[in-house]
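A short worksheet on the structure shown next.
Number of protein chains: 4
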Amino acid sequence: MGSSFGRCFRLTTFGESHGRAVGAVVEGCPAGLELSERDVQAELDRRRPGQSAVTTRRAEEDRVEILSGVFEGRTTGAPIAMVVYNRSFNSAPYEVVRRVPRPGHADLSYRLKYGHWDYRGGGRASGRETIARVAGGAVAKRLLSLIGVEVLGHTLEIAGVRAGRVEVEHLRRAESTSVRCADPEAARLMEERILEAKSQGDSVGGVVEVVALNVPPGLGEPVFDKLDADIAKAMMSIGAVKGVEIGSGFACARMRGSEHNDAFYLDGGRVRCRSNNSGGVLGGISTGMPIVVRVAVKPTPSISREQESVDLEEMRGTSIRVEGMHDPCIVPRIVPVCEAMLALTLADHAIRAGVINPCRVHPL
Amino acid sequence: MGSSFGRCFRLTTFGESHGRAVGAVVEGCPAGLELSERDVQAELDRRRPGQSAVTTRRAEEDRVEILSGVFEGRTTGAPIAMVVYNRSFNSAPYEVVRRVPRPGHADLSYRLKYGHWDYRGGGRASGRETIARVAGGAVAKRLLSLIGVEVLGHTLEIAGVRAGRVEVEHLRRAESTSVRCADPEAARLMEERILEAKSQGDSVGGVVEVVALNVPPGLGEPVFDKLDADIAKAMMSIGAVKGVEIGSGFACARMRGSEHNDAFYLDGGRVRCRSNNSGGVLGGISTGMPIVVRVAVKPTPSISREQESVDLEEMRGTSIRVEGMHDPCIVPRIVPVCEAMLALTLADHAIRAGVINPCRVHPL
Amino acid sequence: MGSSFGRCFRLTTFGESHGRAVGAVVEGCPAGLELSERDVQAELDRRRPGQSAVTTRRAEEDRVEILSGVFEGRTTGAPIAMVVYNRSFNSAPYEVVRRVPRPGHADLSYRLKYGHWDYRGGGRASGRETIARVAGGAVAKRLLSLIGVEVLGHTLEIAGVRAGRVEVEHLRRAESTSVRCADPEAARLMEERILEAKSQGDSVGGVVEVVALNVPPGLGEPVFDKLDADIAKAMMSIGAVKGVEIGSGFACARMRGSEHNDAFYLDGGRVRCRSNNSGGVLGGISTGMPIVVRVAVKPTPSISREQESVDLEEMRGTSIRVEGMHDPCIVPRIVPVCEAMLALTLADHAIRAGVINPCRVHPL
Amino acid sequence: MGSSFGRCFRLTTFGESHGRAVGAVVEGCPAGLELSERDVQAELDRRRPGQSAVTTRRAEEDRVEILSGVFEGRTTGAPIAMVVYNRSFNSAPYEVVRRVPRPGHADLSYRLKYGHWDYRGGGRASGRETIARVAGGAVAKRLLSLIGVEVLGHTLEIAGVRAGRVEVEHLRRAESTSVRCADPEAARLMEERILEAKSQGDSVGGVVEVVALNVPPGLGEPVFDKLDADIAKAMMSIGAVKGVEIGSGFACARMRGSEHNDAFYLDGGRVRCRSNNSGGVLGGISTGMPIVVRVAVKPTPSISREQESVDLEEMRGTSIRVEGMHDPCIVPRIVPVCEAMLALTLADHAIRAGVINPCRVHPL
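Protein chains in written order, with our numbering: chain A, 1 to 364; chain B, 1001 to 1364; chain C, 2001 to 2364; chain D, 3001 to 3364.
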């Protein structure tokens, strides 16, 4: 279990890195939404490796096919199954993983839990599973666009280099840099640091920020299915993420209440906040202010240096060197995955709150 | 919806701050577990206000009654309903909230979502709802104790004062300080800072750390219901929490892969990690290392200073001053709530993983 | 687990026959619905024993208290907890059940599953649990009344006596007879048969029919959560029910397709069916025709005759005679329970289909 | 929503009759189970059309591919995705259905619910969707075989011809007849009646019985997720089913309690029942006796006779004649679908009850 996300708009993913295919089933998308393979492919292409010097050079074409749920270019309310066949991979370097778990990877915990598991290329725990998330997120984004919601992700920090303050309207610039950072100067430095680590057989981490604009008030459910709680789960379910914060986040710990509380004022008949420490959520329910989320991304665990591990067949200490072509920094490629997870969460809650009709995008 | 947490061990809470009662229903607790009202009361007493100078002076006795699911001192596998009647409260100061939302509180978002809602004392969004969480957590803790799991929370930081490094075996000391900090010197400083803020009609935030010891490997489900993902949701669902991190957390963003990966070694036939940057979770599945979680707690939004707000009946700007007795810092009282949420998550996943039998604590 | 019903409008029940209380938590009821304890009590009074010669003479007052979710006479969107304290009961006759299971009862299966269980008065498996269903159903009925849906149950057959055909508009007459049968002549015969069986220390079964009028088209979800599938589960979850049928039901097995298909025609711009073999559901989705459900109710297993059983402590054959005051026929009292279960199912699907707003009964 | 079944062992289906493919995702299957495409294909071949004179002559090859979740011939605990591509179909005869709904079919209700839907060949409501159920059921059957559970279906009645009493050990004979009836004489008569109806452009219905042997006691959860309640839902979710009964079923309505109660006796240390009116379930929990379920199957709604309907574009009465090759009786082909649904329900509850480990078939 555990491969489904969402209650009223639900994504189920399947597939392993070196298996026949990875795929997604989206349930709960209302009928009548225009959707094509092109829409989904566009998002997948943003996630694809081999886009620049700072990502892996593995060639993964990742062509999506929609198998169901779309008829005459529009959704039907039925489950939307999407599949991406795995084309070329080399499983040979992974034979050792069967007995020697890689530090920082899921090899050990899968082995302990399942006994028998597909260890090739990370198997089910591979980053390739996020293909299915991005495909599902593409559907969610299209659905959200009907109510004007936009989800934007960008790189805030890599290897200690922090982007300067960027206005929301300039966030789209991030897409044009190799590291998906909207501050060009920081982007240049980030790239330097990544290549430096790479040349040393090492990797670096960073921070991604995702923002949702024009989110209507009222999304989120007290008391456990708070919007921010479901966002936290969505983000932390991404393999490399070690932390999630909303609005002020960890900085709130050092603020005073008088400073942290966002004052209310009226702006053309709508209540707005002078600041956005809440990150667009009060009591777990959206207020209409932008949703602001940041996630901490750990340095890629696949590094070419020798590392201490154990041989689980012979039960003795040993060392392992992970071969293959790996991203020295996963942050830029994780940006579209974070966007997908936020979009999925918002689409689910928009339906749960009755803001989007569960049956058809154009209700009678 | 949204008032239930967990799939195979599920807590449902109900009740409002100034309503007749708050309560909890625990489903999925196997039969045969020794459980009494005393066990639950002990945890509730840790959460209760009025314990020291740094918490609210409101007197809330909070006596729990178990209504079902326990027979002859042991659980029966049937739902365990627990209720705490609300004894004394004064709703008068909240009349203004019906039209003027308090900054940092859920008044605005509940009004926008529901139209009609119980605004007295925070209603459903009140911290009193956490009584039900702590009650449910008490059941989870007893269940976990059968497999040796222990959940310990403590205050790591308040108002910028950070506790020094404390060995796990000394964490229990935290309970004896007014701020639940295991570092006595830091505890003294924290208390000072809280009282200083209080005297200025203000409030402060902090960071809570929760640790789970002796967690068996194999808890957590790929790929969305990862153990850390469910923990993140559990923690972020607590009203005042703005950030959650596991293991290295946000610090991972500035580490190298070679530094972040926890090396494996053998210790008496069990695989252990030299460091614990993973926080006890790899690929979303527990490894057997301690689970380490930290949450950022915002400064209490209820402050006695005048704050800018809006009158939603007359649709004009106004100001509001929140009356009543409020905690100048909620961190110490949120510690048992964090423990409860971690215990609930672990109990759910222990059953989901087959580590605890879903029907009876002593299987045939 | 297993004590919750519904996805978007969910009832959770708790409590045992001879425990402190039985109760219900209703999640997902939108805000703004007028609801009082009187509304719920009225339905409970229909279910209550001691109403006539054909029901048990046990005195059960069953006063409901609403603990949460209602403020100023209207729902708030928060969980509605309702509790009925158990007043007087005599557990002594049940001591033998601890070791000797009663044929036709759940004693054996609970013992095998849980080891430790509350066997007094049937415990969790007692018919008293249906108090919580009827309380939840009362909320569902009020909610459905907003969209004009009416749920009507009546007795179709008892002890082989079948009611003559009754027009829908006369079904309400059923309420005035001791057996809840709308055909007065059949009702008289049914009562005779019940009293005859009772005088012989025996019991009889029957058939209940429940009808829902004015159900809007579009309720129900392909392919597993069909409206009729969820109704079947709802009905079969009632303790004494051994069969469920929709529309033509089992009679369909002997019909030709040309006879069974309900022809469509237009009636003032709406599509209607010439017959209703479908029972108001096609492809699992309501069509706008009345929903028609029948359930088979087994004879009460509690009879005063001696029955063959086994002593599970001494592991030997024995016999048991069930003491106490029991209904010789449970059919009349099960009618409001069937209504409650149908109402709960329809309310859930009305929200799931977007026909009722999930947040507030009067959307903006 | 609505395309998933099960809580801890869950089947999700996707696909339309004339779309690109139909498929299934099975979540919650523990690791280590031997499983191949051959296993699944064998069950699909039993469901396939074109097997005899009494079924449709449409040629559907229905080759299954397993896309994920199986590695080196054994399951891994990850989702098992299976896909069957749709090869040849002729959608032309269905153009009329876009505006004129077929009586007895889902055309009308899908149109009313979704507005835009795939009406070709029944679309999502087509019997082809049951391919995915049978594929999922094949996995469930293999899993159940580990604990000795066997699921057997057979035709009890067609067109008024009822099979004579058949001993459980002879039920397997049913497979060798064209109508899947274990009573050869009745089988011959059933075939005659089907061909007679077919020659008249009509169709007939019947009754299927499914039995599960060696079911361990303890499956099923009080009070809503009773084993029989979940079975009722499972069966009623099959398109053509109008009624479900367990054990005595509707016959219970005319029995006395003294006759209906199954007496207990000891048989080699295990408690057994003298009769099986309970159908293997007491209080919603399995007792160890065989599970016995019967379902009423309506006559195929696709008949070649002219039928009254309405033109929904022009909003006027009209008639429709359904072309194409259809089963004059769906009963024989529905037998493996009923088996699949019972197997899925039992597998889910076996995991929920802790009888099968949720992670691995050979626990440590």
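Cβ atoms here follow ideal geometry from the backbone N, Cα and C, with glycine treated the same way.
From the DSSP output, in three-state form, read off residue i for me.
i         : result
B:Gln1051 : coil
C:Ile2232 : Per the sequence presented here, residue 2232 of chain C reads as Ala, with Ile not at that position. In this structure, C:Ala2232 counts as helix in the three-state DSSP scheme.
A:Gln41   : helix
A:Val70   : strand
A:Gly122  : helix
A:Glu65   : strand
A:Asp183  : coil
D:Val3168 : helix
B:Cys1273 : strand
Taking the C-alpha atoms as reference points, what is the distance between residue i and residue j?
i         : j         : result
D:Gly3355 : B:Gly1220 : This sequence places Val at residue 3355 of chain D; Gly is not what is there. Computed Cα separation, rounded: 20 Å.
B:Gly1032 : C:Leu2011 : 26 Å
D:Phe3071 : A:Asp118  : 6 Å
D:Val3097 : D:Arg3048 : 25 Å
A:Val83   : D:Phe3014 : 12 Å
B:Glu1027 : D:Ala3353 : 14 Å
B:Val1295 : B:Val1207 : 6 Å
D:Gly3148 : D:Lys3141 : 10 Å
B:Ser1178 : C:Arg2111 : 47 Å
D:Arg3020 : C:Met2190 : 57 Å
Could you work out which residue in the options is closest to residue i when comparing CA atoms only?
i         : options                                    : result
B:Gly1123 : C:Asp2262, C:Gly2069, C:Gly2247            : C:Gly2069
B:Arg1099 : B:Gly1317, B:Ala1350, B:Ser1286            : B:Gly1317
B:Gly1247 : A:Ile303, A:Arg63, A:Gly104                : A:Gly104
D:Asp3107 : C:Gly2019, C:Val2025, C:Pro2222            : C:Pro2222
A:Ser379  : A:Asp230, A:Ser237, A:Ser176               : There is no way to answer for residue 379 of chain A, as the model of chain A reaches only from 1 to 364.
A:Ala276  : A:Ile285, A:Ile291, A:Glu323, A:Glu245     : With the sequence shown as reference, residue 276 of chain A is identified as Asn, and Ala is not the correct amino acid for it. Among A:Ile285, A:Ile291, A:Glu323, A:Glu245, the Cα nearest to that of A:Asn276 is on A:Ile291.
A:Glu209  : A:Phe264, A:Thr345, A:Cys338               : A:Cys338
A:Met235  : A:Leu143, A:Val335, A:Ala78                : A:Val335
A:Ala240  : A:His116, A:Glu129, A:Ala353, A:Gly6       : A:Glu129
D:Gly3243 : C:Arg2256, C:Ser2237, C:Ile2238, C:Ala2229 : C:Ala2229
B:Cys1329 : B:Phe1009, B:Leu1044, B:Pro1184, B:Gln1200 : B:Gln1200
C:Val2154 : C:Thr2287, C:Pro2332, C:Asp2039            : The sequence as given places His at residue 2154 of chain C; Val does not occur at that position. Comparing Cα-Cα distances from C:His2154 to each of C:Thr2287, C:Pro2332, C:Asp2039, the minimum goes to C:Pro2332.
C:Arg2274 : D:Ala3125, D:Gly3077, D:Glu3323, D:Ser3309 : D:Ser3309
D:Ala3197 : D:Asp3311, D:Ile3066, D:Ser3304, D:Pro3184 : D:Ser3304
A:Leu202  : A:Lys226, A:Leu312, A:Val134, A:Asp327     : Checking the sequence, you will find Asp at residue 202 of chain A rather than Leu. The shortest C-alpha separation from A:Asp202 is found at A:Asp327.
C:Cys2008 : C:Leu2364, C:His2349, C:Arg2360            : C:His2349
Chain-ordered residues of the stretch 3090 to 3113 of chain D with a beta carbon less than 7 Å from chain A: Lys3113
In the stretch 1132 to 1151 of chain B, which residues sit with their C-beta less than 8 Å from some C-beta in chain D, listed in chain order? none
Which residues of the stretch 2024 to 2037 of chain C have a Cβ closer than 7 Å to any Cβ of chain A? Give them in chain order. none
For the 8 Å Cβ check, are there 3 or more pairs between the stretch 221 to 235 of chain A and the stretch 1162 to 1178 of chain B? no
For the stretch 1189 to 1216 of chain B, enumerate the residues whose C-beta is nearer than 7 Å to any C-beta of chain A, in chain order. Ala1197, Asp1202, Ser1203, Val1204, Gly1205, Gly1206, Val1207
Residues of the stretch 1231 to 1247 of chain B with Cβ closer than 9 Å to any Cβ of chain A, in chain order: Ile1231, Ala1232, Lys1233, Ala1234, Met1235, Met1236, Ser1237, Ile1238, Gly1239, Ala1240, Val1241, Lys1242, Gly1243, Val1244, Glu1245, Ile1246, Gly1247
Within 8 Å of chain B by C-beta, residues of the stretch 332 to 362 of chain A in sequence order: Arg352, Ala353
If the cut-off is 9 Å on Cβ atoms, which residues from the stretch 269 to 291 of chain A count as contacting chain B, listed in chain order? Gly269, Val271, Cys273, Arg274, Asn277, Ser278, Gly279, Val281, Leu282, Gly283, Gly284, Ile285, Ser286, Thr287, Gly288
Got a sec: which bits of the stretch 58 to 84 of chain A sit with their beta carbon under 9 Å from any beta carbon on chain D, in order along the chain? Glu65, Ile66, Leu67, Ser68, Gly69, Val70, Phe71, Glu72, Arg74, Thr75, Thr76, Gly77, Ala78, Pro79, Ile80, Ala81, Val83
Taking any Cβ of chain D, which residues in the stretch 154 to 180 of chain A have a Cβ under 8 Å from it, in chain order? none
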